[in-house]
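Novice:
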Amino acid sequence: MAGDDSDLVDLLTSWLPRQRWFAGKGRAWGGLRIIQDVRLSALLRHLVIEVRYADHGLLDRYQVPLVTRPDAPYGHETFLLGKSADGLVYDGLHDPDGSATLLAFIQGREPHGDLVPYTLEELATLPAHAVGAEQSNTSIVYGDAYILKVFRRLWAGSNPDLEITRMLAGAGSPHVARPVSWLDGSLDGVTTTFAFMQEFLRSGTEGWRLALASVRDLYAEADLHADEVGGDFAAESERLGAATAQVHSLLAETLPSAVSDAGSVRAEAARMHSRLDNAIDAVAELRSFEAGLRRSFDELAHRGRSVNLQRIHGDYHLGQVLRVDSGWVLFDFEGEPARPVADRTALQPVHRDIAGMLRSFDYAAQSMLLEREGESALSYRAQEWATRNRDAFCAGYAGSGGYDPREDAVLLRAFELDKAVYEVVYEARHRPSWLPIPLSSVERLTSTSG
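Residues in the sequence shown are numbered consecutively from 0, following numbering that gives the first Met the number 0.
Structure (C-alpha cells):
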C-alpha cells in the first residue's frame, strides 16, 4: 500500500462499519489494509480490503470499487466516503459512471491485474443503476437487460450462485434466469468469484410481495376464510412447491449426492443443540421453550433412518423467488453469505430448503399483524393463511418430486425449529419488534412434537 493512501484507509475505516453488508459489526478491530488495488480506468479503482479483528486473529476481505471526483454531483452524497488528497471519494458501484466502467471492462473480456472477465454472449452498452436495499451484496441493473450481483464479502473459491445457476441453465431448467457473465479474481492464490451477471427479469414480481398482497386481501375481508378471498395465494404456493421439487431433482441428478448414516444425523442434531445453547445465552425469551426444542432435536438424533443429501439452495424463502409470466424462477443460490463457501456447498437434506420456505409463509402472515395492533382476532386468520399455503407448497412439491416432505415430520420439524431459533436471535439483535414472529412459531412447533 502506498504511503499516500493513509487518508483512504481512514475513510474506509470510518465508512465500512456503516454498510449493511459489513459482517464485523460490534467486534473490536485489529486494523484495515488494502491488499489489492487495480485501476480499471482513470475513474474506477478496484480495491480488495482486509479487516483484521482483535479476537483470535480473525479477518474478513471485501471488494470496494471506488470513484474519486473533483466535485460533488447531485445525488452522490448518499454514497460518499469522504474527502481524500485526490478529491471526493464515492462508492463506485453506486456511481453510474463507475458502474458503466465496470460493464465496459466485462465487455472487453481482457484481464486487468488479477481480475478476469468472462462473458457467454455479446453485451450491449446500457445505462446503470444500483437497485434494492443493500443486503450482503450490491446489485446493478443495466438498462432492462442485465443484473450484476457484486459479492461484497469475499470467500476464496467459486461462488455457489454462479456454479449452480450455470448448471441448472445448462440442463435446460426454466426456473433460473439465464447466466450472462461473471468476474473472477484471486484470493489467497485461489480463483474467486467477484461478480455474477444474469438476465434481468423485468416482468418478475418477488414472491414475498405477492404473498403480502394476499395476506392484506384476507385481512381486509372481515368474514371470509383464506380459500374464499380473491387474492388467495395457495395455487401459486403449490406451483412454487412444484418448481422447487424440479430444481432439487435436477441438482441431485447433475451434482454430487450421498446418503447419510445414523452418525451424520446425530451430528446434525448435535449442531442444532449447540446453536440453541448460543441462542439461549443471547435471547432469554427462548428459555421457556428449551425443553420442547431439545426434545425435537433429540427426536432427530434418534430417528434411525438415513437421509438423502445433495446440493440445495441454502437460504430459501419468498424473497428468493420471482413470479414471471412462465412460472416461478429461483435466484441467489449462494446460500447464507455469512458462512464460508465450503459450508455452503456441503451436501444437505432438501428439508433445509423446504423448512426455510415454510418459515417464510409464517413470516408473511405474521408480519402483517404487526401493522394491526389491537386486532388480536386476526391471529387465527394469519395462522389459517400460513397453514393453507404451507400445505399447498408441500402438496406441489410432492406432486412434482414424488415425495411429500410432511411424511418425515421429525426431520422437517427439527429443521424448521433450527431456522426459527436463528430467526429469534436475528430479530432480537436487529428488529426487536419482530421477535414475537419466530417465538410464536417456536411455541407452535414445539407443542406438536413428541
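We put the beta carbon where it would ideally sit given N, CA and C, even for glycine.
Cβ atoms of D417 and M271: under 7 Å apart, would you say?
Specialist: In the sequence shown, counting from the first residue as 1, residue 271 sits at position 272. In the sequence shown, counting from the first residue as 1, residue 417 sits at position 418. Yes, these two residues count as a Cβ contact at 7 Å.
Novice: Does R389 pass the burial test, meaning 16 or more other C-beta atoms within 10 Å, or should it be called exposed?
Specialist: For this step, residue 389 is matched to residue 390 along the sequence shown. R389 comes out buried.
Novice: Considering only residues of the same chain and omitting the five flanking positions on each side of R44, which have a CB-CB separation below 6 Å?
Specialist: Here residue 44 corresponds to residue number 45 of the sequence shown, with the count starting at 1. Closer than 6 Å at the Cβ level, and outside the excluded window around R44, lie R38 and L65.
Novice: Does DSSP put N388 in a helix, in a strand, or in coil?
Specialist: Counting from 1 along the sequence shown, the entry for residue 388 is found at position 389. Residue state, collapsed to three classes: helix.
Novice: Which runs of the alpha helix (DSSP H) spanning at least 4 residues fall entirely within the region 338 to 376, listed in chain order?
Specialist: Those alpha helix (DSSP H) runs which fall completely within the region 338 to 376 and span 4+ residues are 340 to 343 and 350 to 368.
Novice: Roughly how far, in whole angstroms, is the beta-carbon of P404 from the beta-carbon of H350, given that I think they are within contact range, below 8 Å?
Specialist: The residue given as residue 404 occupies position 405 in the sequence shown. The residue given as residue 350 occupies position 351 in the sequence shown. P404 to H350, Cβ: 6 Å. Contact.
Novice: Using a threshold of 7 Å, state whether the C-beta atoms of L200 and L321 are closer than that.
Specialist: Residue mapping note: residue 200 aligns to position 201 of the sequence shown, counting from 1. Residue mapping note: residue 321 aligns to position 322 of the sequence shown, counting from 1. Against a cut-off of 7 Å, the Cβ pair of L321 and L200 comes out as a contact.
Novice: State the Cα-Cα distance for the pair G355 and A251, rounded to the nearest angstrom.
Specialist: For this step, residue 355 is matched to residue 356 along the sequence shown. For this step, residue 251 is matched to residue 252 along the sequence shown. Rounded to the nearest angstrom, the two C-alpha atoms are 19 Å apart.
Novice: Quick one: give me the first and last residue of the beta strand (DSSP E) that G184 is part of.
Specialist: Position 185 of the sequence shown, counted from the start, is the residue given in the question as residue 184. Element bounds for G184: P178 to L186.
Novice: Who are the Cβ neighbours of A234 in its own chain at under 8 Å, not counting the five residues just before and after it?
Specialist: Taking the first residue of the sequence shown as 1, we reach residue 234 at position 235. Answer for A234: A391, listed in chain order.
Novice: Name the DSSP beta bridge partners of L167, please?
Specialist: For the purposes of this step, residue 167 is taken as residue 168 along the sequence shown, with counting starting at 1. Paired residue(s): none; L167 is not in a bridge.
Novice: Can you round the beta-carbon distance between L153 and L80 to whole angstroms, since I take them to be within the 8 Å contact cut?
Specialist: As a position in the sequence shown, residue 153 is number 154, starting the count at 1. As a position in the sequence shown, residue 80 is number 81, starting the count at 1. With a Cβ gap of about 19 Å, L153 and L80 do not count as contacting.
Novice: Does DSSP classify T191 as helix, strand or coil?
Specialist: Within the sequence shown, the letter at position 192 stands for residue 191. Three-state result, T191: strand.
Novice: State yes or no: is the C-beta of D160 within less than 7 Å of the C-beta of F332?
Specialist: One-based indexing of the sequence shown puts residue 160 at position 161. One-based indexing of the sequence shown puts residue 332 at position 333. Yes, the pair counts as a contact, with Cβ atoms nearer than the cut-off.
Novice: Look up V115 in the DSSP assignment and give the residues it is bridged to.
Specialist: Taking the first residue of the sequence shown as position 1, residue 115 is located at position 116. According to DSSP, V115 bridges with D183.
Novice: For T137, collect the residues of the same chain with a Cβ closer than 7 Å to its Cβ; drop the 5 residues on either side in sequence, then sort them by chain order.
Specialist: Start at 1 with the first residue of the sequence shown, and residue 137 comes out as number 138. These residues qualify, in order along the chain: L92, A129, V149 and R151.
Novice: How is G30 classed by DSSP in three states: helix, strand or coil?
Specialist: Translated into positions along the sequence shown, residue 30 becomes position 31. Strand.
Novice: Which of helix, strand or coil does DSSP assign to S259?
Specialist: By one-based count along the sequence shown, residue 259 stands at place 260. Three-state result, S259: coil.
Novice: For the alpha helix (DSSP H) holding G326, just list the boundary residues, first then last.
Specialist: In the sequence shown, residue 326 corresponds to position 327, counting from 1. Not the alpha helix (DSSP H): G326 falls in the beta strand (DSSP E), residues G326 to L329.
Novice: Under a three-way DSSP split, which group does V306 fall into?
Specialist: Translated into positions along the sequence shown, residue 306 becomes position 307. Correct three-state label for V306: coil.
Novice: Does M0 come out as helix, strand or coil in the three-state DSSP assignment?
Specialist: Locating residue 0 in the sequence shown gives position 1, counting from the first residue. Note that M0 scores a pLDDT of 39, beneath 50, so its modelled location is shaky and nothing firm can be said.
Novice: Considering only their Cβ atoms, is the gap separating D96 from L42 smaller than 7 Å?
Specialist: If you number the sequence shown from 1, residue 42 lands on position 43. If you number the sequence shown from 1, residue 96 lands on position 97. Their beta carbons are under 7 Å apart, which means L42 touches D96 by this criterion.
Novice: Beta-carbon within less than 8 Å of A376's beta-carbon, same chain only, minus the 5 sequence neighbours each way: which residues are those?
Specialist: Against the sequence shown, residue 376 aligns to sequence position 377. Correct list: empty, nothing qualifies.
Novice: Can you find at least 3 beta carbon pairs, one from the region 109 to 117 and one from the region 67 to 78, that sit closer than 8 Å?
Specialist: Not touching, per the Cβ criterion.
Novice: Exposed or buried, which one is E76 when buried takes at least 16 other CB atoms within 10 Å?
Specialist: Working through the sequence shown from its first residue, we reach residue 76 at position 77. Classification of E76: exposed, given that the 10 Å Cβ count is below 16.
Novice: Terminal residues of the continuous alpha helix (DSSP H) containing T253?
Specialist: Counting from 1 along the sequence shown, the entry for residue 253 is found at position 254. First-last of the alpha helix (DSSP H) with T253: A233 to T253.
Novice: Would you decide whether S440 is buried or exposed? Buried here means 16 or more other CB atoms lie within 10 Å of its CB.
Specialist: The residue you call residue 440 lines up with position 441 of the sequence shown. Counting Cβ neighbours within 10 Å, S440 comes out buried, since at least 16 surround it.
Novice: Are there 16 or more other CB atoms within 10 angstroms of the CB of R310, so buried, or fewer, so exposed?
Specialist: Walking along the sequence shown from the start, residue 310 turns up at place 311. Buried.
Novice: What's the C-alpha gap between T253 and R165?
Specialist: For this step, residue 253 is matched to residue 254 along the sequence shown. For this step, residue 165 is matched to residue 166 along the sequence shown. Straight-line Cα distance between these residues: approximately 12 Å.
Novice: Run the CB neighbour count on V189, radius 10 Å, all protein chains shown included, and call it buried at 16 or more, exposed below.
Specialist: Here the question's residue 189 lines up with position 190 in the sequence shown. It counts as exposed.
Novice: Relative to the alpha-carbon of A242, which residue among S446, G262 and W327 has its alpha-carbon at the smallest distance?
Specialist: Translated into positions along the sequence shown, residue 242 becomes position 243. Checking every option, the nearest Cα to that of A242 belongs to W327.
Novice: Alpha carbon to alpha carbon, how far is H247 from R177? Give it in angstroms, no decimals.
Specialist: Within the sequence shown, the letter at position 178 stands for residue 177. Within the sequence shown, the letter at position 248 stands for residue 247. Approximately 18 Å, taken between the alpha carbons.
Novice: With L122 and I105 assumed to form a contact (beta carbons below 8 Å), what rounded beta-carbon distance in angstroms separates them?
Specialist: For the purposes of this step, residue 122 is taken as residue 123 along the sequence shown, with counting starting at 1. For the purposes of this step, residue 105 is taken as residue 106 along the sequence shown, with counting starting at 1. Right, their Cβ atoms sit about 7 Å apart.
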